[in-house]
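With positions in the sequence shown counted from 1, the corresponding number in the numbering used here is that position plus 88. All residues carry an ideal CB built from backbone N, CA and C; glycine is no exception. Just below is one structure, and these are the notes that go with it.
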Amino acid sequence: MFLIGQYDSPFVRRTAIALRLYGLPFKHKPWSTFGDADKIAPYNPLRRVPTLVLDGGEALIESAAILDYLDERVGPERAMIAPHGEARRRDLRTIALATGLGDKAVSLVYERVLRKEQSKIWVARCEAQISGVLEVLEKERAAIATPYWFGERIGHADIAVACVLRFTGEAHPQLFDARYPALQAHAAACEALPPFGEIVQPLSPPGGD
């Protein structure tokens with residue numbers, strides 16, 4: 089199978105890191121949604137990443153759907169998320185906050201590089217959403233004594249938060265800074281793991297007109 093997308097996307101990166109942690113072999117197609125949209129289209133008409141193309145040709149789109157498939161493939165004992173109940177809802181909430189933050193961070197990049205005149209209202213809204221999530225995640229992580237968000241073993245929530253924090257820190261350093269020491273420590277601990285060091289790419293935003 090092969091994974092489409094560049095690793096400067098926090099969504100592609102979290103998917104690739106999960107594949108690596110699960111020990112599932114894959115090839116990487118570092119296609120850009122801007123420069124390589126025509127290559128992506130046959131597999132994903134939305135021309136979005138990540139897209140994971142299975143050995144039989146089936147294409148899975150969106151990181152959440154891809155990770156759901158990977159969890160099913162490795163089984164509940166190895167899956168990096170609780171299988172059901174309150175624990176699963178707790179995991180999904182943290183992941184939703186992280187990926188929502190990532191969406192807003194990406195939106196701000198596009199607003200900056202693709203629009204000649206930025207919408208002040210839109211920028212302010214995105215920045216408020218990003219800061220609000222960072223404050224909540226900082227408070228929650230600071231109250232946790234375990235190495236990872238929900239215990240001794242890394243999970244999808246840890247990966248999502250770390251990947252989004254790296255992207256946000258590179259794209260908007262004025263928003264993710266020393267005000268969030270618990271999150272900085274969490275990100276540093278994850279980034280020190282081999283899969284994070286192997287699967288990484290400096291941010292390379294698309295160019296404007």
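Three-state secondary structure (DSSP) of residue i
i: Y236; result: strand
i: A386; result: Any question about residue 386 goes unanswered here, given that the chain covers just 89 to 297.
i: V137; result: coil
i: I105; result: helix
i: I128; result: helix
i: L91; result: strand
i: L142; result: coil
Contact check, residue i vs residue j, beta carbons under 7 Å
i: A106; j: L155; result: yes
i: T234; j: A193; result: no
i: I218; j: L189; result: yes
i: D143; j: M89; result: yes
Residue i versus residue j - alpha carbon distance
i: T103; j: I242; result: 14 Å
i: R203; j: F122; result: 15 Å
i: I183; j: V252; result: 10 Å
i: A173; j: P138; result: Note on residue identity: the sequence assigns Gly, not Ala, to residue 173. Straight-line Cα distance between these residues: approximately 28 Å.
i: L225; j: A259; result: 19 Å
i: E160; j: L196; result: 34 Å
Continuous alpha helix (DSSP H) stretch holding residue i: start and end
i: H244; result: 244–259
i: K208; result: 208–230
i: I183; result: 173–202
i: Q272; result: 269–279
i: E286; result: 282–286
Cutoff 7 Å: residue i Cβ touching any chain C Cβ
i: A275; result: Absence of chain C from the displayed structure is noted, only one protein chain being present.
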